[in-house]
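Respectively, the protein sequence lines represent chains A and B. Reading the first sequence from the start, the letters are residues 9 to 278 in my numbering. Reading the second sequence from the start, the letters are residues 9 to 278 in my numbering. Beta carbons: idealized from backbone N, C-alpha and C, even for Gly. As the structure is a prediction and not an experimental result, all values here were calculated from the model.
2 protein chains.
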Amino acid sequence: MDNKILATYDGFILDLDGTVYLGNELIPGALETIEYLKANNKKVLYLTNKPLETREQYANKLTKLGIPTKPDEILTSSVVMAHYLNRQSSGPLVYVIGEQPLIDELQLAGIKTIQQPELIEFAVDYVVVAFDRTFDYKKLNNGFQAIKKGARFVATNGDRTCPVPGGEIPDCAAMIGALEGATGKKVEIIVGKPHRLTIEAALSLLKVEKERAIIIGDRIETDILMGKNAGIASALVLTGITKKDDFSKKGITYRPTYILDSIKQILTAG
Amino acid sequence: MDNKILATYDGFILDLDGTVYLGNELIPGALETIEYLKANNKKVLYLTNKPLETREQYANKLTKLGIPTKPDEILTSSVVMAHYLNRQSSGPLVYVIGEQPLIDELQLAGIKTIQQPELIEFAVDYVVVAFDRTFDYKKLNNGFQAIKKGARFVATNGDRTCPVPGGEIPDCAAMIGALEGATGKKVEIIVGKPHRLTIEAALSLLKVEKERAIIIGDRIETDILMGKNAGIASALVLTGITKKDDFSKKGITYRPTYILDSIKQILTAG
């Protein structure tokens, strides 16, 4: 191993969309890179802000794409939210503005969710706001009434949009904005990347010291910022949403430890 | 007329909900007050930020409640929006995030609306965002795509919530917040109260000089603020959302010209 990245790090925290795959296709070289990492006793964790699928669904997707993966190798913002809620209070009651996989993931972690509107405003401790393609006025009003009655207002991820084939669609920032507009309150916490709760959860799953971990991702404001905030090495890959000159364009002053053309360069970065 | 308000003003701009009626019942004294104003050659205009009904529907409501009213005695944020759009460009194409009466009112003013999703992103000049109890992800995404392609982002009213029997429900600020969250852009203009476009439209309909006009309403941050901004007299009535001590509670430094227990006090304020 005369390669600097491979010599320095034991734990590889890999973003999924834009880093390992794009939509339903692996990024060229991702498979070989991950196989090489595993063959050389590196620890790998996949990390996504998307609460649209469960860990099991993400593991199945990777497995089908040729990378055999177990659910506990995946960390999503849904899982970080479940950790967060369980640490806040015992048996919190939650109203979810989100899709079914998020509800499933919370319930799997022992959190009770109430989705019947007639009960929401009486009992709810937390309104969990997430990327929700089934968002509507009824959910907005349910969340609003619960927060008005004293429920905490928390969110899975702060992404403005989500890339889809041919473009992008509104992500969790839209649902957060709607609730903030109606309540006049700022969301209290967004647990997903770049929040420290996510990196803490990732390190705890990887069981490596932070000096031996590296985050590899395609988004400056989530993957790279989280690395910076946590004092953990990061590598920006240019296979996703970020182009090389985006730092100067957006006036961003922090930098990743490495900039790689793609995940494949892990094997060759010297 | 030894009454100061009656002696000073010729044009009375009356807010509706909380000032003239509450839900479906007239505020006690409203009928006699308005009859007195009209019998004494005062001009009356009803002004509401709500885009949920057309002028005709509001006129019918007042008529049924015993105050015979014609549509051109009503000014809504929908009508102000129609004026605004027609002044901006000739024949603008508009995508509406709002309910049918707003679409009807815009079309009545000659504005072409496009509501078919497959056409929206190609042709739309303006995305008009309004209080919409039928808001959903599809509308959010349609508006987002249109703004991304260059459509202007404008809104009817900035109210956070709308009072309903037994409480309040999310108003236009929620829809604005959702679009702002997804696009990362601030709404360019909110034409309803307290914007000067609304008071200009009101004065032009009333045909009175601003020194001879007074705004009477129950909301500090719309009715009273608009009066302050425009240099027009205002009277706060305490029959709606505002209580007497709300100014100090909310740290608001401006004051209405008059504070009245109810609209009825117009006849007795000395």
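1) Which residues does DSSP list as the beta-bridge partners of arginine 160(B)?
2) Closer than 9 Å by beta-carbon distance: list the chain B residues that pair up with tyrosine 103(A), in chain order.
3) Mind reading off the beta-carbon distance from isoleucine 82(B) to tyrosine 44(B)? Whole number of angstroms is fine, and I expect it under 8 Å.
4) Is the number of C-beta pairs between the segment 110 to 123 of chain A and the segment 166 to 175 of chain A that are closer than 8 Å three or more?
5) Considering only the beta carbon of each residue, do alanine 186(A) and alanine 138(B) sit closer than 8 Å?
6) By the three-class DSSP mapping on this structure, what secondary structure does proline 59(B) have?
7) Say whether the segment 198 to 209 of chain B touches the segment 87 to 100 of chain B, bearing in mind that this needs 3 or more beta-carbon pairs closer than 8 Å, one atom from each stretch.
8) Quick check on the burial criterion: 16 or more other C-beta atoms within 10 angstroms. Buried or exposed for asparagine 48(A)?
9) Cα separation between lysine 58(A) and valine 135(B)?
10) In the DSSP assignment, what residue or residues form a beta bridge with alanine 241(A)?
11) Identify, in the order they occur along the chain, each residue of the same chain with its Cβ nearer than 6 Å to the Cβ of lysine 147(B), setting aside the five sequence neighbours on each side.
12) Determine the direct distance from the alpha carbon of glutamine 115(B) to that of aspartate 144(B), and round the result to whole angstroms.
13) When we look at the beta-carbon of tyrosine 262(B) and count the other beta-carbons within 10 Å, is it buried (16 or more) or exposed?
14) Leucine 233(A) to asparagine 149(B), Cα distance in whole Å?
15) Taking the alpha helix (DSSP H) that valine 172(A) falls in, what are its first and last residues?
16) For isoleucine 177(B), write down the residues that DSSP places opposite it in a beta bridge.
17) Lysine 146(A) by DSSP, collapsed to three states: which one?
18) Who pairs with glutamate 33(A) in a beta bridge, going by DSSP?
19) Might you give, ordered along the chain, the residues of its own chain that have their beta carbon closer than 7 Å to the beta carbon of leucine 3(A), omitting 5 neighbours on each side?
20) If we call anything under 8 Å between Cβ atoms a contact, is glycine 235(B) one with isoleucine 198(B)?
21) Tell me which residue opens and which closes the alpha helix (DSSP H) that phenylalanine 280(B) is part of.
22) In its own chain, which residues sit with a C-beta less than 8 Å from the C-beta of threonine 252(B), not counting the 5 before and 5 after it?
23) Output needed for glutamine 123(B): all residues of its chain with C-beta closer than 8 Å, excluding positions within five of it in sequence on either side, in chain order.
24) Roughly how many angstroms separate the alpha carbons of glycine 158(B) and glycine 31(A), rounded to a whole number?
25) Below 8 Å on the Cβ atoms is my contact criterion, and I expect valine 52(A) with leucine 101(A) to pass it. Report the Cβ-Cβ distance as a whole number of Å.
26) Flag arginine 204(B) as yes if its beta-carbon sits less than 8 Å from any beta-carbon of chain A, otherwise no.
27) Which same chain residues end up closer than 8 Å to aspartate 269(A) when comparing Cβ atoms and leaving out the 5 residues on each side of it in sequence?
28) If you measure between the beta carbons of threonine 56(A) and isoleucine 271(A), is that distance less than 8 Å?
29) Shortest alpha-carbon distance to tyrosine 29(B) belongs to which of Asp226(B), Asn11(B), Asp179(B)?
30) Taking Cβ-Cβ distances shorter than 7 Å, what residues in chain B pair up with glutamate 188(A)?
31) Can you grab the Cα-Cα spacing for the pair lysine 12(B) / lysine 215(B), in whole Å?
32) Could you please give the first and the last residue of the uninterrupted beta strand (DSSP E) stretch that includes valine 104(B)?
33) Please report the Cβ distance between isoleucine 260(B) and isoleucine 228(B), rounded to the nearest whole angstrom; I am assuming they are in contact, meaning their Cβ atoms lie under 8 Å.
34) What residues are listed by DSSP as bridge partners for phenylalanine 139(A)?
35) For a contact meaning CB atoms closer than 9 Å, what does asparagine 165(B) contact in chain A?
36) DSSP has phenylalanine 152(A) in a bridge; who is on the other side?
If we stick to the structure as given:
1) Answer is Tyr134(B), bridged to arginine 160(B).
2) In chain order: nothing, as chain B lies at least about 15 Å away.
3) Your pair isoleucine 82(B) and tyrosine 44(B) does not check out as a contact, with CB atoms roughly 20 Å apart and the cut at 8 Å.
4) Taking a contact to require three or more Cβ pairs closer than 8 Å, the segment 110 to 123 of chain A and the segment 166 to 175 of chain A do not qualify as touching.
5) The answer is no: Cβ separation not under 8 Å.
6) In the structure shown, proline 59(B) sits in coil (DSSP, three-state: anything other than H, G, I, E or B).
7) Touching, yes, given that three or more Cβ pairs across the two stretches are closer than 8 Å.
8) With fewer than 16 other Cβ atoms within 10 Å, it is exposed.
9) Whole-angstrom Cα-Cα distance: 28 Å.
10) BP columns for alanine 241(A) point to Ile222(A).
11) Taking C-beta separations shorter than 6 Å and ignoring five residues to either side along the sequence, the partners of lysine 147(B) in its chain run Ile105, following chain order.
12) In a straight line, the C-alpha of aspartate 144(B) is about 23 Å away from that of glutamine 115(B).
13) Tyrosine 262(B) comes out exposed.
14) The C-alpha of leucine 233(A) lies about 27 Å from the C-alpha of asparagine 149(B).
15) Run containing valine 172(A): none in the alpha helix (DSSP H); it sits in the beta strand (DSSP E), 169 to 172.
16) Beta-bridge pairing links isoleucine 177(B) to Cys170(B).
17) Here lysine 146(A) sits in helix by DSSP.
18) Paired residue(s): Leu30(A).
19) Because chain A is modelled from 9 through 278, residue 3(A) falls outside the range shown and cannot be assessed.
20) Isoleucine 198(B) is positioned such that its CB atom lies no closer than 8 Å to that of glycine 235(B).
21) This structure leaves residue 280(B) out entirely; chain B is present only between 9 and 278.
22) Note that residue 252(B) is lysine in the sequence shown here, rather than threonine. Around lysine 252(B): Leu246, Ile267.
23) Non-local C-beta neighbours of glutamine 123(B) in its own chain, meaning closer than 8 Å and more than five positions away in sequence, comprise Tyr103, Val104, Ile111, ordered along the chain.
24) Spanning the two alpha carbons is a distance of roughly 26 Å.
25) In this structure valine 52(A) does not touch leucine 101(A) by the C-beta definition: roughly 36 Å separates them, more than the 8 Å allowed.
26) Look at arginine 204(B): its C-beta is not under 8 Å from any C-beta on chain A.
27) The beta carbon of aspartate 269(A) lies closer than 8 Å to those of Val245, Leu246, Thr247 in the same chain, with the five residues before and after it left out.
28) In terms of Cβ geometry, threonine 56(A) and isoleucine 271(A) do not form a close pair [threshold 8 Å].
29) Of the candidates Asp226(B), Asn11(B), Asp179(B), the one whose C-alpha sits nearest the C-alpha of tyrosine 29(B) is Asp226(B).
30) Going along chain B in sequence order, the residues near glutamate 188(A) (Cβ under 7 Å) are Gly185.
31) CA-CA distance, lysine 12(B) to lysine 215(B), rounds to 21 Å.
32) Counting along the chain, valine 104(B) sits inside the beta strand (DSSP E) bounded by residues 101 to 105.
33) Their Cβ separation, rounded to whole angstroms, is 6 Å, which keeps isoleucine 260(B) and isoleucine 228(B) in contact under 8 Å.
34) Under DSSP, phenylalanine 139(A) takes part in no beta bridge, so it has no partner.
35) Those within 9 Å of asparagine 165(B) in chain A number zero; the least Cβ separation is about 12 Å.
36) DSSP lists no partner for phenylalanine 152(A).
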